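Visitor: For the sequence shown, position 129 matches number 122 in my numbering, and the numbering has no gaps at all. Just so you know, even glycine gets a beta-carbon here, dropped at the ideal spot from N, CA and C. Source: prediction; values computed, not measured. Before I ask anything, let me first share the structure, which is written out below as structure tokens.
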Amino acid sequence: MTRLVWKRKNNWITISPNQLKGIVAVCLILVIIPFFHLFYLSRLSYEAPDYTEQFIGAMAVEIIQEEQRGEIYFLKPGTSAGEFLQIAGLGKLNTQDFVLSEGMSIIVDKNDSGTNVVVSEMNAAQRLALGMPLDINEASRDDLILVEGIGEATAGKIIELREKLGRFKNIEQLKLIKGIKEKRLSGLRKYLYVRRS
């Protein structure tokens, strides 16, 4: 058996034929992996269903069908409930058509005579995950705790102040709570708002 002898600076390194075969095998594998990735994995494609990808100006609407998990669709503003049910393949609306708004949760009951819907709001965790703010006059203590920068104590103080005021007229009223100054309030603005009645 012959051995290859390489000289590296002042040290001699001896490589056996088996070691050389191992080095060649590792190099070949390292060359083959990118080609495998390029040719094989590029042929595997995943296409998201229509209306499930966010786009600029989209409004998020949840649809819940007969004891299934909710699905979130991203629609253009001004889409009606009837159009939405057609898009989702759920048939015609039994009641008067109405325009959807962001953050709505549509609970669908499909029967022989058509499709009935119950309208509610998405839960706080979903709204926050989708970048939608919470109405401070509707949020529960548990909802407020989900907001970055609000702990249990602050959530309790917000609820107390809301009960004292009846309802918040604007977000600036949060400054009445000890510990909330302009800097902290500016961080909360992206998570909380006051819905105009």
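With a 10 Å radius around its C-beta and 16 neighbouring C-beta atoms as the bar for buried, classify Y184 as buried or exposed.
Guide: Classification of Y184: buried, given that the 10 Å Cβ count is 16 or more.
Visitor: For V92, I'd like the list of residues in its chain whose CB is within less than 7 angstroms of its CB, leaving aside the five on either flank, ordered along the chain.
Guide: Correct list, in chain order: G71 and S73.
Visitor: Per DSSP, what kind of secondary structure is Q127 in: helix, strand or coil?
Guide: According to the sequence as given, residue 127 is Leu; it is not Gln. DSSP places L127 in strand when its eight states are reduced to three.
Visitor: With distances taken between CB atoms, is the gap from K103 to E59 smaller than 9 angstroms?
Guide: Going by C-beta atoms, K103 is nearer than 9 angstroms to E59.
Visitor: Give the single residue among R160, L31 and T147 whose Cα lies nearest to the Cα of K171.
Guide: Closest by alpha carbon: T147.
Visitor: Based on Cα-Cα distance, which residue from I164, K176 and V54 lies nearest to Y186?
Guide: Among I164, K176 and V54, the Cα nearest to that of Y186 belongs to I164.
Visitor: Using CA atoms only, rank isn't needed, just tell me which of K85, G96 and L83 is closest to K69.
Guide: Nearest of K85, G96 and L83 to K69, Cα basis: G96.
Visitor: Which whole-angstrom value describes the C-beta separation of I100 and I57, a residue pair presumed to lie in contact below a C-beta threshold of 8 angstroms?
Guide: About 5 angstroms separates the two Cβ atoms, so the contact holds.
Visitor: Should D136 be labelled buried (16 or more other beta-carbon atoms within 10 Å of its own) or exposed?
Guide: Buried, because 16 or more other Cβ atoms sit within 10 Å of the Cβ of D136.
Visitor: Grouping DSSP H, G and I as helix and E and B as strand, with all else coil, what is Y66?
Guide: Strand, per DSSP.
Visitor: Span of the alpha helix (DSSP H) holding I173?
Guide: Careful: I173 lies outside any alpha helix (DSSP H) and carries neither H nor E.
Visitor: Taking only the alpha-carbon atoms, compute the straight-line gap between S106 and L167 and give it to the nearest angstrom.
Guide: Each residue's Cα considered, the two are about 49 angstroms apart.
Visitor: Let's see if you can read the secondary structure: which residues bound the alpha helix (DSSP H) around I26?
Guide: First-last of the alpha helix (DSSP H) with I26: P10 to F29.
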